[in-house]
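Engineer: One rule links them: number in my numbering = place in the sequence shown (from 1) + 7. I am attaching a structure below and will ask some questions about it afterwards.
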Amino acid sequence: MGTLCREPLDPSIQDLKVTLQDSTLVFPSQETENRSIFLSNIDQVLNFYVQTIHFFPANPDFTPEVIASRLKTALEKVLVPYDFVAGRLKHNPQSSRLEVECNAAGAGFVVASTQFSLDEIGDLVYPNPAFRGLIVQSLDNLEADNQPLCIFQVTSFKCGGFAMGISTNHVLFDGISFKCFLENLASQAFDDKPLAIVPCHDRHLLAARSPPRVTFPHPELLKLELPIGEDTIPSVFDCQQEDLDFKIFHLNSDNISYLKEKAKIDGPNENTKITSFNVVSALIWRCKALSSGDNSQRVSTVLYAVDIRSRIKPSLPFSYCGNAVLSAYASSICSKLEDEPFSKIVDMVSEGAARMTDEYARSAIDWGEIYKGFPNGEFLISSWWKLGFSEVEYPWGKPRYSCPVVYHRKEIILLFPEINNGSNNNNGNGVNVLVALPAKEMEKFQSLFHTFLASN
Numbered sequence: 008m009g010t011l012c013r014e015p016l017d018p019s020i021q022d023l024k025v026t027l028q029d030s031t032l033v034f035p036s037q038e039t040e041n042r043s044i045f046l047s048n049i050d051q052v053l054n055f056y057v058q059t060i061h062f063f064p065a066n067p068d069f070t071p072e073v074i075a076s077r078l079k080t081a082l083e084k085v086l087v088p089y090d091f092v093a094g095r096l097k098h099n100p101q102s103s104r105l106e107v108e109c110n111a112a113g114a115g116f117v118v119a120s121t122q123f124s125l126d127e128i129g130d131l132v133y134p135n136p137a138f139r140g141l142i143v144q145s146l147d148n149l150e151a152d153n154q155p156l157c158i159f160q161v162t163s164f165k166c167g168g169f170a171m172g173i174s175t176n177h178v179l180f181d182g183i184s185f186k187c188f189l190e191n192l193a194s195q196a197f198d199d200k201p202l203a204i205v206p207c208h209d210r211h212l213l214a215a216r217s218p219p220r221v222t223f224p225h226p227e228l229l230k231l232e233l234p235i236g237e238d239t240i241p242s243v244f245d246c247q248q249e250d251l252d253f254k255i256f257h258l259n260s261d262n263i264s265y266l267k268e269k270a271k272i273d274g275p276n277e278n279t280k281i282t283s284f285n286v287v288s289a290l291i292w293r294c295k296a297l298s299s300g301d302n303s304q305r306v307s308t309v310l311y312a313v314d315i316r317s318r319i320k321p322s323l324p325f326s327y328c329g330n331a332v333l334s335a336y337a338s339s340i341c342s343k344l345e346d347e348p349f350s351k352i353v354d355m356v357s358e359g360a361a362r363m364t365d366e367y368a369r370s371a372i373d374w375g376e377i378y379k380g381f382p383n384g385e386f387l388i389s390s391w392w393k394l395g396f397s398e399v400e401y402p403w404g405k406p407r408y409s410c411p412v413v414y415h416r417k418e419i420i421l422l423f424p425e426i427n428n429g430s431n432n433n434n435g436n437g438v439n440v441l442v443a444l445p446a447k448e449m450e451k452f453q454s455l456f457h458t459f460l461a462s463n
């Protein structure tokens, strides 16, 4: 069973030697209304920045200079329907809530270059720390309370290819709505093309009920006891750095088919959905739980995001702009994860997602109205696998690869898609699993991962 543990092609490149050429603010191309946008309780706990990089090969019809100009113009156009992206985050003292002030203060736009070619920087799938040079997280000439919620950096390579790095505050988008934003950005880079998707801005669709009704216990959420007068919720990702090993485990389509067949053995529940995500998550959960110590009676809890657009009633529009994902969970003592058939672990993962009904989602949102807190589990599986950022069609073509800038965290395991290398053999159904663990735990995780896939 051909499973690979990826290593960087050239770990010697630690500095891409990026030179910043221009830094400016981009404003909506038309006048927009000055207003404040309500942020749901899901949005409220996501006040941190997410950085993504989109790598494009050279296109002889579009020089990097032309591309930067086209992207800047497209951003100006798209900031009209997405006026909140040009706004600023503020704290409303009356409601003690974060809001986005749509004041047309602008998004950031940076043009840069590097002396390397795209091929020279190595394996794009392997998150090289040097990739952080392809992102600008703040503009030096602005005060902290006036920083853009979104900053673009267009970095040209000497081969004619380029990287589009985007730093975005998570309160603006979840993965699905960010993909819609990219589709619209790409549409405006063409001549005389309409928006690909009309965005839905009504975040009150996910407002808490009045009065709030918490009808489930929600063990996946942790209440915080904040000091009196302190309303800011610390990010779930504000964790201590550890000395961690970092590896990428690749599962191709044959591996995933094997896991699905294994999940059918020993009779899964009739309602269990044997999906690619569920079987991969079950494998990761088993390996992660059993690599973290020898206490067989320890309870392990895995968290994973569930899109609630189609689960609440009435359904949200697909084009809903805000964050519409909640944390599902599965819990078990480690001895069961070791001894139970694989089908039972898949059952638990599937049941966690099925739990997310309209009432459960509304109860979780209402929980956030009453308590300050955030998702609570041993670790989170964060999936970028099916978001489709690399499927967005720009005038100069699709990205070769799109990925987040990774900061190694023991409590977060990331799922990335395969790279688009133009090969007919790449069916896009495989996945890369990014794991960061202390050395001894990583050794055990890797052994469990490969042994399970090799077993008959």
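Idealized CB from N, CA, C, for every residue including glycine. Quantities reported herein were computed from a predicted structural model and do not represent experimental measurements.
1. So what does DSSP say about L189, is it helix, strand or coil?
2. Hey, F256 and V442 are a contact pair by Cβ (cut 8 Å); roughly how many whole angstroms apart?
3. On the DSSP bridge list, what partners appear for C157?
4. Identify whether I263 lies in helix, strand or coil by the three-state DSSP scheme.
5. Looking at C-alpha atoms only, which residue of S124, I204, T26, L323 is the closest neighbour of V118?
6. Looking at the secondary structure, which residues open and close the alpha helix (DSSP H) in which A371 lies?
7. Are V309 and S288 close, meaning C-beta to C-beta below 8 Å?
8. Among the candidates I372, R95, K447, L78, whose CA atom is the shortest distance from the CA of D152?
9. Between the segment 35-42 and the segment 130-143, are three or more C-beta pairs nearer than 8 Å?
10. Alpha carbon to alpha carbon, what distance is there between S47 and C328?
11. Nearest to A65 by alpha carbon, out of F164, P445, E398, G437?
12. Got a sec? Which residues, its chain only, sit under 7 Å from C246 by beta carbon, not counting five neighbours each side?
13. With DSSP as the reference, label I291 as helix, strand or coil.
14. Could you give the residue range of the beta strand (DSSP E) that holds V309?
15. Measuring CB atoms only, is the segment 267-282 touching the segment 349-367, in the sense that at least three cross pairs come out at less than 8 Å?
16. Is it buried or exposed, Q304, if we count other Cβ atoms within 10 angstroms and call 16 or more buried?
17. Taking only three categories from DSSP, how would you classify N432?
18. Starting from the Cα of L394, find the closest Cα among F180, L460, P321 and give me that residue.
19. Three-state secondary structure (DSSP) at P324?
20. Can you round the beta-carbon distance between K200 and S194 to whole angstroms, since I take them to be within the 8 Å contact cut?
21. When DSSP labels each residue in this structure, what does F456 get in the three-state scheme?
22. Among G375, S454, H457, which residue has its Cα nearest to the Cα of P218?
23. Sort out for me which residues DSSP pairs P219 with in a bridge.
24. Between the Cα of S462 and the Cα atoms of D29, E83, L290, which residue gives the shortest distance?
25. Relative to the C-alpha of D198, which residue among P424, P100, Y401 is closest?
26. Tell me whether the beta-carbon of F452 lies closer than 8 Å to the beta-carbon of K280.
27. Using a Cβ-Cβ cutoff of less than 6 Å, which residues in the same chain neighbour S334 once the five nearest sequence positions on both sides are dropped?
28. Which stretch, first to last residue, makes up the beta strand (DSSP E) that contains N439?
29. Out of S317, N41, V438, which has the shortest C-alpha to C-alpha gap to C109?
30. In chain order, which continuous runs of the beta strand (DSSP E) of length 3 or greater are located wholly inside the segment 24-106?
31. Between Q28 and S120, how many whole angstroms is the CB-CB distance? I'm expecting something under 8 Å.
32. For I158 and M171, what's the separation of their Cα atoms in angstroms?
33. Can you have a look at P100 and say buried or exposed, based on whether 16 or more other CB atoms are within 10 angstroms of its CB?
Structural biologist: Quick answer:
1. Counted from its first residue, the sequence shown places residue 189 at position 182. Helix at L189.
2. The residue you call residue 256 lines up with position 249 of the sequence shown. The residue you call residue 442 lines up with position 435 of the sequence shown. At roughly 7 Å, the Cβ-Cβ gap stays under 8 Å, so F256 and V442 are in contact.
3. As a working mapping, residue 157 is identified with position 150 in the sequence shown. Paired residue(s): T175.
4. Position 256 of the sequence shown, counted from the start, is the residue given in the question as residue 263. Residue state, collapsed to three classes: helix.
5. Indexing the sequence shown from 1 puts residue 118 at position 111. Of the candidates S124, I204, T26, L323, the one whose C-alpha sits nearest the C-alpha of V118 is T26.
6. Here residue 371 corresponds to residue number 364 of the sequence shown, with the count starting at 1. Start and end: 365-377.
7. Residue numbering aside, residue 309 sits at position 302 when the sequence shown is read from its first letter. Residue numbering aside, residue 288 sits at position 281 when the sequence shown is read from its first letter. Yes. Within cutoff.
8. As a first step, residue 152 must be located in the sequence shown, where it is residue number 145. When each option's Cα is compared against that of D152, the closest is R95.
9. no
10. Taking the first residue of the sequence shown as 1, we reach residue 328 at position 321. Taking the first residue of the sequence shown as 1, we reach residue 47 at position 40. Near 11 Å, if we compare the C-alpha coordinates of S47 and C328.
11. Residue numbering aside, residue 65 sits at position 58 when the sequence shown is read from its first letter. Ranking the options by Cα distance to A65, first place goes to F164.
12. Here the question's residue 246 lines up with position 239 in the sequence shown. Note on C246: pLDDT 47, under 50, position unreliable in the model; the coordinate value appears next. Only R416, E418 meet the Cβ criterion.
13. Translated into the one-based positions of the sequence shown, residue 291 becomes position 284. I291 falls in the helix class under three-state DSSP.
14. Here residue 309 is taken as the residue at index 302 of the sequence shown, counted from 1. Its beta strand (DSSP E) spans residues 306-314.
15. yes
16. For the purposes of this step, residue 304 is identified with residue 297 of the sequence shown, where counting begins at 1. The residue is exposed, with fewer than 16 neighbouring Cβ atoms inside 10 Å.
17. Looking up residue 432 in the sequence shown gives position 425. Since pLDDT at N432 reaches only 44, below the 50 mark, its modelled position is unreliable, and the value read off the structure follows with that caveat. Coil, per DSSP.
18. Counting from one through the sequence shown, the residue named residue 394 turns up at place 387. Here the closest residue by C-alpha is F180.
19. By one-based count along the sequence shown, residue 324 stands at place 317. P324 falls in the coil class under three-state DSSP.
20. Within the sequence shown, residue 200 is the residue found at index 193, counting from 1. Within the sequence shown, residue 194 is the residue found at index 187, counting from 1. The Cβ separation is near 5 Å, so the contact holds.
21. As a working note, residue 456 is residue 449 in the sequence shown. Reduced to three states, the DSSP call for F456 is helix.
22. Walking along the sequence shown from the start, residue 218 turns up at place 211. Closest option to P218, Cα to Cα, is G375.
23. Here residue 219 corresponds to residue number 212 of the sequence shown, with the count starting at 1. None; P219 has no bridge partner.
24. Translated into positions along the sequence shown, residue 462 becomes position 455. The shortest C-alpha separation from S462 is found at L290.
25. Position 191 of the sequence shown, counting from 1, holds the residue named residue 198. Nearest of P424, P100, Y401 to D198, Cα basis: Y401.
26. Stepping through the sequence shown from its first residue, residue 452 is reached at position 445. Stepping through the sequence shown from its first residue, residue 280 is reached at position 273. Contact: no.
27. As a first step, residue 334 must be located in the sequence shown, where it is residue number 327. Result list for S334: E227, L310, P382, in chain order.
28. Start at 1 with the first residue of the sequence shown, and residue 439 comes out as number 432. 438-444 is the extent of the beta strand (DSSP E) around N439.
29. The count along the sequence shown starts at 1 and reaches residue 109 at position 102. Ranking S317, N41, V438 by Cα distance to C109 puts N41 first.
30. 25-33, 42-45, 56-63, 95-99
31. Along the sequence shown, read from residue 1 onward, the residue named residue 28 stands at position 21. Along the sequence shown, read from residue 1 onward, the residue named residue 120 stands at position 113. 6 Å between Cβ atoms; contact.
32. The count along the sequence shown starts at 1 and reaches residue 158 at position 151. The count along the sequence shown starts at 1 and reaches residue 171 at position 164. So the alpha carbons of these two residues sit roughly 10 Å apart.
33. Here residue 100 is taken as the residue at index 93 of the sequence shown, counted from 1. It is exposed - the Cβ of P100 has fewer than 16 other Cβ atoms within 10 Å.
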